[in-house]
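A short write-up of the structure that comes next.
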Amino acid sequence: MENKERKVINKRDTIIIVLIIISALACLFIPKLTDRGGYAVLKCGDEVAARLALDQSGDYTFPEFEGMVFTVADGAISVTESSCGDHTCIRTGAISRSGEVIVCVPNKAAVTIESKEQSDLDVVLK
Amino acid sequence: MIRLKPEKVSAARYVAVMGMLFAATAALNLIESILSAALPAGMRVGLANIVIMAAILSINLPSAALLVILKATFVFLTRGFSAGLLSLCGGALAFGVTALLFRKTNSTYILISVLGSIAHTLGQLLAARVILGTGAIFAYAPILAVSSIAAGVCTGIVLKAVFPQIERVLKKNKNIT
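Protein chains in written order, with my numbering: chain A, 25 to 150; chain B, 15 to 191.
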């Protein structure tokens, strides 16, 4: 198509963009309504490294995640120290609801939340 | 053999414009570092898409693809391997989507750059999925989509203002070749 005829915005495209925004916001807020989870699942790549009960406060370190410190407090988990360069994982803050994640790409670490019912426990660290 | 330079443009002018565009991607990359600080997992909103889309519109597809690769190389050198891979995957997917939409549809500038920006984020998520080996990162998709849309609206407006100027610089004074 000739670019001279192309408009900056029109009615049809505004509607498309608004629909995308609405669906994104819906996906964003639905997890906020879910129950607080019972366990934090720490994954190193595909491997589950540990499950931490969120009612057990304390600092945790693991050999899989060198230089990382995970802190459980007030029913939420956060990364408080990390050897990665950008510290995105620390800035993510504390998470406590299923659907929330903390990810550290350089350390291949991912923390997700599982609710009390759905966790078929392999290991529970207390 | 892929021809990078359009025939009507002198070699010197082409090199100068491409150098300028590459410098613009590097500069936008820096601004983006500040703007993207709040985004999770090292994701970028993709401001450099302006340059890629301008190259698609005012030069040609191979030159735009070259800029995507140059940008990823620059990121690789300055911010390391995983950031470089994220940049390459995001850039390549955004390039594909915007090129297709500009060539095949009559969509408006803002819609194309919004979809390009979303494609840029999706490409980065897929790359991060490969590096991480887990799909957990896709939980960030909604928040990233919202920031992509905001960035896409901005890049669309800037693109409309900027690309005719690049075209003008590239095409004028054909007699001084």
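Backbone N, C-alpha and C define an ideal beta-carbon position, used for all residues, glycine too.
Burial state of residue i (16 or more Cβ within 10 Å)
| i | result |
| --- | --- |
| B/Leu91 | exposed |
| A/Ile46 | exposed |
| B/Gly33 | exposed |
| A/Ser107 | exposed |
| A/Asp83 | exposed |
| B/Ala97 | buried |
| A/Phe89 | buried |
| B/Ile48 | exposed |
| B/Val144 | exposed |
| A/Ser164 | The structure shown has nothing for residue 164 of chain A, since chain A only spans 25 to 150. |
| B/Leu102 | buried |
| A/Lys35 | exposed |
| A/Arg151 | Chain A is shown only over 25 to 150; residue 151 of chain A falls outside these bounds and no answer can be derived. |
| B/Gly105 | buried |
| B/Ser139 | Sequence check: residue 139 of chain B is Leu here, not Ser. With 16 or more other Cβ atoms within 10 Å, it is buried. |
| B/Ala165 | buried |
| B/Ala52 | exposed |
CA-to-CA distance, residue j to residue i, given in whole angstroms
| i | j | result |
| --- | --- | --- |
| B/Thr169 | B/Ile64 | 6 Å |
| B/Lys185 | B/Val167 | 28 Å |
| B/Ala159 | B/Thr135 | 7 Å |
| A/Val96 | A/Leu78 | 6 Å |
| B/Tyr28 | B/Ile16 | 15 Å |
| A/Gly109 | B/Val31 | 34 Å |
| B/Val172 | B/Ala142 | 29 Å |
| A/Leu49 | B/Leu100 | 24 Å |
| A/Ile114 | A/Glu105 | 7 Å |
| A/Cys176 | A/Glu124 | Outside the shown range of chain A (25 to 150) lies residue 176 of chain A, about which nothing can therefore be said. |
| A/Gly62 | A/Leu76 | 9 Å |
| B/Ile190 | B/Arg93 | Only weak support exists for where B/Ile190 lies, its pLDDT of 48 falling under 50; the value from the coordinates is given anyway. Straight-line Cα distance between these residues: approximately 40 Å. |
| A/Lys31 | B/Glu21 | 28 Å |
| A/Thr85 | A/Phe94 | 6 Å |
| B/Leu42 | B/Ala62 | 6 Å |
| B/Ser24 | B/Glu181 | 13 Å |
| B/Gly149 | A/Val72 | 13 Å |
Bridge-paired residues (DSSP) for residue i
| i | result |
| --- | --- |
| A/Ile101 | A/Val96 and A/Ile119 |
| A/Lys132 | Paired residue(s): none; A/Lys132 is not in a bridge. |
| A/Asp83 | A/Thr95 |
| B/Lys19 | In the DSSP output, where bridge partners are listed per residue, B/Lys19 has none listed. |
| A/Ile157 | One cannot answer for residue 157 of chain A here, as it falls past the ends of chain A, which runs 25 to 150. |
| A/Glu71 | A/Cys68 |
| B/Val82 | Its beta-bridge partners do not exist; DSSP assigns none. |
| A/Val127 | A/Ala134 |
| A/Phe89 | A/Phe86 |
Closer than 8 Å: residue i CB and nearest the ligand SAH heavy atom
| i | result |
| --- | --- |
| A/Ser107 | Inclusion of the ligand SAH in the displayed structure is not the case, the ligand content being empty and no account of it being possible. |
Touching by the beta-carbon criterion (3+ pairs, under 8 Å), the segment 146–158 of chain B and the segment 117–124 of chain B: no
Residues in the segment 114–125 of chain B having any Cβ partner in chain A nearer than 9 Å: Phe116, Arg117, Lys118, Thr119, Asn120, Ser121, Thr122, Tyr123, Ile124 and Leu125
Where the segment 138–149 of chain B meets chain A: residues whose CB sits under 8 Å from a CB there: Ala142, Ile145, Leu146, Gly147 and Thr148
The segment 63–75 of chain A / the segment 123–139 of chain A touching (three or more Cβ pairs under 8 Å): By the Cβ rule, the segment 63–75 of chain A counts as touching the segment 123–139 of chain A, because three or more pairs are nearer than 8 Å.
Cβ contact check for the segment 67–81 of chain B and the segment 105–112 of chain B: 3 or more pairs under 8 Å: At 8 Å Cβ cutoff, the stretches touch.
Touch test, the segment 94–113 of chain A against the segment 37–45 of chain A, Cβ-Cβ under 8 Å, three pairs minimum: no
Selection of the segment 28–41 of chain A by Cβ proximity to chain B, strictly under 7 Å: Arg30, Lys31, Val32, Ile33, Asn34, Asp37, Ile40 and Ile41
Residues, ordered as in the chain, of the segment 64–97 of chain A that lie near chain B by beta-carbon distance below 8 Å: Lys67, Gly69 and Asp70
Inter-stretch contact (C-beta, 8 Å, three-pair minimum) for the segment 67–75 of chain B and the segment 170–183 of chain B: They touch, by the three-pair rule.
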